[in-house]
Structures are given as structure tokens and as C-alpha cells.
Amino acid sequence: MTSCDVLVVGGGIAGCAAALRAADLGADVTLVLKDTLGESNTSWAQGGIVGLPPASYGDSPELLAADIEAAGAGLCRPEAVRLLAQEGPALCREFLWKRLGVPFDLGADGEPEPTAEAAHSARRIFHARDFTGQAIQDALSEAVKAHGRIRILEGRMLVDLLTTPHHGRDPRGVYDPIRVWGAYLLDSDKQVHRVRAARTILATGGLGYLYLHTSNPAGATGDGLAAAYRATARIVNCEYIQFHPTTLYVPHKPRTLLTEALRGEGAHLLNRRGERFMTKYAPEAMELAPRDIVSRAIFQEMASTGDSNVFLDLTPVAAKLDLEARFPKVLSVCRAEGFEPLRQPMPVVPAAHYFCGGVAVDLEGRTSLPGLFAVGEVACTGVHGANRLASTSLLEGLLWGYRAAETAVTEGRGSTVPSEAALKAWIPAQGPEAADPLLIEQDWNNVRTTLWNYAGIVRTRARLERARGDMGHLYHRIEAFYREAPLSRPILELRNAVTCARLILKAALLNPESRGCHYRVD
Ligand SMILES: Cc1cc2nc3c(=O)[nH]c(=O)nc-3n(C[C@H](O)[C@H](O)[C@H](O)COP(=O)(O)OP(=O)(O)OC[C@H]3O[C@@H](n4cnc5c(N)ncnc54)[C@H](O)[C@@H]3O)c2cc1C
Numbered sequence: 001m002t003s004c005d006v007l008v009v010g011g012g013i014a015g016c017a018a019a020l021r022a023a024d025l026g027a028d029v030t031l032v033l034k035d036t037l038g039e040s041n042t043s044w045a046q047g048g049i050v051g052l053p054p055a056s057y058g059d060s061p062e063l064l065a066a067d068i069e070a071a072g073a074g075l076c077r078p079e080a081v082r083l084l085a086q087e088g089p090a091l092c093r094e095f096l097w098k099r100l101g102v103p104f105d106l107g108a109d110g111e112p113e114p115t116a117e118a119a120h121s122a123r124r125i126f127h128a129r130d131f132t133g134q135a136i137q138d139a140l141s142e143a144v145k146a147h148g149r150i151r152i153l154e155g156r157m158l159v160d161l162l163t164t165p166h167h168g169r170d171p172r173g174v175y176d177p178i179r180v181w182g183a184y185l186l187d188s189d190k191q192v193h194r195v196r197a198a199r200t201i202l203a204t205g206g207l208g209y210l211y212l213h214t215s216n217p218a219g220a221t222g223d224g225l226a227a228a229y230r231a232t233a234r235i236v237n238c239e240y241i242q243f244h245p246t247t248l249y250v251p252h253k254p255r256t257l258l259t260e261a262l263r264g265e266g267a268h269l270l271n272r273r274g275e276r277f278m279t280k281y282a283p284e285a286m287e288l289a290p291r292d293i294v295s296r297a298i299f300q301e302m303a304s305t306g307d308s309n310v311f312l313d314l315t316p317v318a319a320k321l322d323l324e325a326r327f328p329k330v331l332s333v334c335r336a337e338g339f340e341p342l343r344q345p346m347p348v349v350p351a352a353h354y355f356c357g358g359v360a361v362d363l364e365g366r367t368s369l370p371g372l373f374a375v376g377e378v379a380c381t382g383v384h385g386a387n388r389l390a391s392t393s394l395l396e397g398l399l400w401g402y403r404a405a406e407t408a409v410t411e412g413r414g415s416t417v418p419s420e421a422a423l424k425a426w427i428p429a430q431g432p433e434a435a436d437p438l439l440i441e442q443d444w445n446n447v448r449t450t451l452w453n454y455a456g457i458v459r460t461r462a463r464l465e466r467a468r469g470d471m472g473h474l475y476h477r478i479e480a481f482y483r484e485a486p487l488s489r490p491i492l493e494l495r496n497a498v499t500c501a502r503l504i505l506k507a508a509l510l511n512p513e514s515r516g517c518h519y520r521v522d
């Protein structure tokens with residue numbers, strides 16, 4: 001067992017920002033990641049992050065807030081949106097660009113040159129060509145590694161949050177409120193260890209991998225959401241899963257994102273007959289309509305034509321920009337699959353992309369459980385409402401990571417963390433039977449196809465009910481297995497995935513109203 005002032009679980013933009021800020025304020029920080037530092041959704045972000053362009057670009061916090069609210073379909077929390085719009089872009093500039101030196105593309109004036117994206121009414125997206133996330137993650141990782149107050153534990157997986165009275169030894173703790181004091185972690189030696197902390201910040205990212213078609217990496221399994229749920233934290237808005245309209249469609253291969261910025265810069269969506277079908281679905285905004293509208297339009301177009309995909313034509317972008325210089329990653333991904341984007345439209349389908357719901361937090365990232373903060377995609381600040389505006393999630397992770405760290409350090413000072421002796425040790429499962437990889441893979445297929453087919457872009461009560469029954473059955477089987485088999489990452493991820501699937505399905509069933517990215521045809 002170890003202890004620290006602030007335990008941060010997750011090392012994407014939100015976790016690294018939190019760790020750096022807490023350490024700058026003098027806290028001893030432990031940063032835990034289930035992979036190595038640098039493997040995160042953050043690294044995969046292509047398009048960019050909302051910045052602060054010079055006044056000549058005609059932008060303002062009010063305009064940004066209005067765009068976020070419009071995308072969020074009337075469900076955004078106004079004070080969270082205002083905070084992001086007023087403080088986020090300046091933090092992006094000062095912290096990421098000035099302090100960490102993220103290599104954003106610069107204009108002739110030496111300032112970051114903003115690009116356009118769908119549903120943004122001004123050019124305000126800072127980007128490092130089309131690998132912005134990688135550039136940001138690299139800079140954050142370097143800073144975290146160099147900081148003397150941050151201890152990095154790679155390859156350790158959050159199993160559960162350490163709470164009292166649940167994990168306390170004193171039976172009279174039952175009269176006290178539930179409180180978080182750190183976490184149980186699965187180590188590379190397959191043992192479970194405790195880290196005690198005055199404050200814990202969850203920054204474990206999203207759950208896109210629960211869907212068959214997704215832009216997310218395989219680590220996005222909803223671990224933090226499931227752990228927070230088990231610890232009884234308040235969870236909200238789980239029905240709002242954002243589907244990205246354009247991922248490259250290659251049968252039997254994982255989907256790869258083709259960034260929003262392509263449509264922002266003029267790429268057209270076409271059906272097999274070469275028609276710009278968005279004229280039927282969003283005649284004014286066309287390809288620049290919010291993601292939910294574009295994703296549904298593609299879904300309906302595919303349903304009406306029976307086609308497996310539609311196409312994204314990049315040639316209008318090539319006519320005005322040097323595609324090789326601006327979108328090198330997109331071009332290399334397409335060419336690796338045998339396509340030539342300068343000559344032919346790219347086959348695309350929508351895919352699960354971003355989780356708008358999460359652990360409910362306030363403006364400082366506090367959850368409903370004392371001692372626990374949540375930041376980044378695992379959290380729901382209310383900024384995204386029923387649908388996220390492109391390029392706002394990196395910014396939200398940065399701002400809330402920063403703010404939560406400040407509050408965690410201030411509130412954590414002087415708090416008395418339970419002693420080692422006051423807490424229960426982990427009791428390892430007694431069963432000798434190790435997990436059968438084939439069973440785990442089959443259960444994963446079950447989760448991913450069920451959510452894609454029954455809780456995807458278009459939902460009905462009948463499908464959701466069927467899925468809820470199936471996932472309920474799976475849940476009981478996996479829980480029994482979890483209690484008997486020696487722990488491993490695959491078992492833990494599957495257990496978390498099924499828990500999150502049930503949260504999504506329950507929320508989707510309880511909400512009959514179509515709004516943003518939750519769309520019920522019944
Ligand atoms: C392909 C793609 C493109 C995107 N493009 C953009 C974009 O252009 N602009 C934008 O704003 N957003 C974009 N997004 C969304 C954005 O990248 C994410 O919302 C954001 O990076 C989430 O950051 P995070 O810090 O919350 O989590 P992540 O970056 O996902 O980091 C999660 C961290 O938690 C760790 N972790 C997870 N579970 C555990 C566990 N059980 N134990 C220990 N550690 C754990 C992981 O190892 C990782 O370090 C994109 C997403 C994808 C997938």
C-alpha cells in the first residue's frame with residue numbers, strides 16, 4: 001500500500017493536466033495508467049482544440065457558447081458552457097502552447113492559425129496538422145515525466161475505488177457518508193494493491209469500444225464510469241453517445257476517423273450515385289450540420305439505398321488546400337488501405353465516437369462522492385448536453401483537469417486519510433480457473449454488436465428492451481466469474497463494459513424523447 005496527496009487515474013489530456021496542476025501546487029501526485037503514458041484517446045484526436053484566435057477572426061466567448069449550446073440541443077448546462085467559453089481558450093493558449101510548446105500550426109503572424117470545423121461559426125480550432133492529439137499528448141507526457149512531484153505507475157489498472165465505510169474495518173463507519181480515499185489497482189504481478197489518497201481524480205476517458213463500430217482505441221472500456229457507479233457516484237446522461245459521421249469503411253477492419261476538419265474545409269458527402277444527399281436532410285448547413293444530424297442522414301441514406309457505406313469526397317478540399325501538408329495522417333491512412341483520396345471519394349460510415357454522459361460533476365470537477373473528482377470524457381460537466389460540438393472535448397478535459405486539481409489540493413490539505421490498518425486488504429478470488437480467452441472474446445462480441453444494433457444511431461423501445469435483457473443475463477454471468485477467477489485485465493474490462501452497457505440501455509429506455517444524439521423512432 002502506498003499513499004499520496006492526489007491520486008490521478010488516467011493519463012490523457014484531463015489526467016495529465018490535473019497531475020501537472022496539482023504537482024505545481026505542491027501536492028505529491030500519483031498518476032496511474034492501465035497502458036503506457038501516451039496511449040489514450042487524446043493521442044488519437046485529429047481535428048484540434050478550440051483556441052483563442054486574434055480578434056480579426058470575429059470570434060468571441062459568446063459566439064462559442066452559442067455554438068456549443070446549439071449542438072447540445074437544449075441540454076447544456078449554461079454555467080459550464082460559459083466557463084468553458086470564457087476560460088478554456090485562454091488556458092489552451094497559455095498552458096498548451098506557451099508553457100508546454102505544443103507545435104500548433106502557425107500563421108504568418110507567428111500565432112496559431114485556426115481552422116474551421118462543422119457547426120462552428122468562426123475559425124477557432126488550433127491544430128497540429130491532423131495529429132493534434134498526438135502533439136498535445138506528447139507535450140503533456142514529457143512535462144509529467146519531468147515533474148519531480150509526479151510518480152507515474154504505468155500498466156496498473158483501476159479495479160475499484162477505495163471507499164469508507166465499505167472498505168473500512170470499523171463497523172460503526174456505516175453511520176458516516178460514503179467517501180473515497182484512493183483506489184485498488186491491479187498490478188503487472190496480478191496482485192491487487194491499494195493506493196490511499198486524500199483526493200482521487202478519475203480521468204479514465206470514454207467507452208467507445210463498447211460499440212462494434214467505433215473510432216476509439218481498445219482501451220476505451222468505461223472502467224472509470226463503472227467503478228464510480230459501483231462506488232455509488234451519481235451518473236447522468238448515459239443515453240447520449242455521439243456517433244462520428246465519417247470513419248473510413250474497410251470491411252473487417254477497425255474504423256479509422258476521417259476528421260471533421262475535412263468537412264469544415266469543404267469535403268462533400270456523396271451517395272453511390274454521386275449525389276450530395278445532405279440536400280435532403282440539412283439543406284442549409286449541408287455537411288456542416290451538427291454530428292448527430294449528419295450521422296443520422298448517413299444512416300438513413302444507407303438504409304434507403306441498402307448500401308454499406310456512403311462516400312466522402314476530398315477533392316473540393318484539394319482544390320483550395322495542400323492536402324499533403326494539411327492532412328498527412330488522413331492521406332496515409334487512406335493510402336494504406338489502397339485508396340487514393342485525391343482521385344476517388346473515400347467510403348465512410350458513422351461510428352461511436354464520444355460519450356456525452358458520465359459521472360456528474362460540478363464546475364470544479366467534484367462528484368457526488370466526497371473525496372472523488374472526475375474530469376475529461378468520464379465526467380459529465382454539462383458542457384456537451386445532448387451532443388458535443390467538435391473540438392470541445394480536449395478543451396473540456398484540459399480546463400476541468402486544471403480546475404479539479406486546484407480544488408483537490410486545497411480541500412485535501414489537512415484531511416486525515418484512514419491509516420493502513422483501518423482499511424481492509426483485498427481478498428483474492430479463490431477459484432483456480434483462469435479466464436478462457438475465447439469466452440471473453442465471445443462476450444465482448446455480444447456487448448459490441450448488441451449496443452451497435454440496439455442502442456445505436458436509431459433506437460426503439462423493443463430493441464432497447466431486448467438488449468437490456470441480454471446484458472442483464474451477461475452481467476450476472478460475468479459477476480459470478482469475476483468473484484471466482486483470478487483477476488486479469490480482460491475480465492475487469494469486460495465486467496466494466498457490461499456495467500456501462502446496462503447504464504446506457506437503462507438511460508436510453510427511460511428517455512423516450514429524441515434529443516441530440518439520442519434518437520428514438522418510437
Ligand atoms: C479518433 C478520435 C479523434 C478525436 N478527435 C478529437 C478532436 O479533434 N478534438 C477534440 O476535442 N476531441 C477529439 N476526440 C475526443 C477526445 O480525444 C477525447 O474526448 C479526450 O481525449 C478524452 O481525454 P481523457 O483525458 O478524458 O481520456 P483519454 O485520453 O482517453 O485517457 C484515458 C486514460 O485513462 C487510462 N485508463 C483508462 N482506464 C483505466 C483503468 N481502469 N486504470 C488505469 N488507467 C485507466 C488510459 O490508460 C488513459 O491513460 C477524438 C477522439 C477520437 C477517438
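For the sequence shown, our numbering begins at 1 and goes up steadily by one.
Positions of the beta carbon are idealized from the N, C-alpha and C atoms, including for glycine.
- Runs of the alpha helix (DSSP H) spanning 4 or more residues and lying entirely within the region 449 to 520 occur at 461 to 484, 489 to 510, in chain order.
- Rounded to whole angstroms, the gap between the alpha carbons of Ala303 and Arg463 is 17 angstroms.
- Separation of Glu284 and Ala66 (C-alpha to C-alpha, rounded to the nearest whole angstrom) is 18 angstroms.
- Out of Asp313, His252, Pro245, the CA that lies nearest to the CA of Arg273 is found in Asp313.
- At a threshold of 6 angstroms, Trp400 does not count as near ligand 1, since its beta carbon sits no closer than that to any of the ligand's heavy atoms.
- Restricting attention to alpha helix (DSSP H) runs no shorter than 4 residues, the region 132 to 216 encloses them at 132 to 146, ordered along the chain.
- Considering only Leu331, Thr460, Arg172, Trp452, the residue with the shortest C-alpha distance to Leu207 is Trp452.
- Inclusion of Glu364 and Arg326 in the CB contact set at 7 angstroms is not warranted, their separation being larger than that value.
- An exposed status is given to Gly107, since fewer than 16 other beta-carbon atoms sit within 10 Å of its beta-carbon.
- Secondary structure of Val359 (DSSP, three-state): strand.
- Thr221 sits in coil when the DSSP states are folded into three classes, being neither helix nor strand.
- Val409 sits in a helix when the DSSP states are folded into three classes.
- Shown here, Phe311 sits in a strand according to DSSP, grouped into three states.
- Residue burial is scored here from C-beta neighbours: Gly205 has at least 16 other C-beta atoms within 10 angstroms and is therefore classed as buried.
- Between the region 207 to 218 and the region 186 to 195, the count of C-beta pairs closer than 8 angstroms stays below three; the two stretches do not touch.
- Using a Cβ distance threshold of 7 angstroms, Gly133 and Leu395 do not count as a contacting pair.
- Pro437 is classed as exposed because its beta carbon has fewer than 16 other beta carbons within 10 Å across all chains shown.
- Under DSSP, the beta-bridge partners assigned to Ala379 are Val359.
- Each residue's CA atom was taken as its position, placing Leu64 and Ala374 some 24 angstroms apart.
- Taken in chain order, the complete beta strand (DSSP E) segments of 3 residues or longer contained in the region 262 to 289 are 268 to 270.
- According to the DSSP assignment, Thr246 belongs to the beta strand (DSSP E) that extends over 241 to 248.
- Taking Asp59 as the centre and dropping the five residues before and after it, the same chain places the C-beta of Pro53, Ala122, Arg124 closer than 7 angstroms to its C-beta, in chain order.
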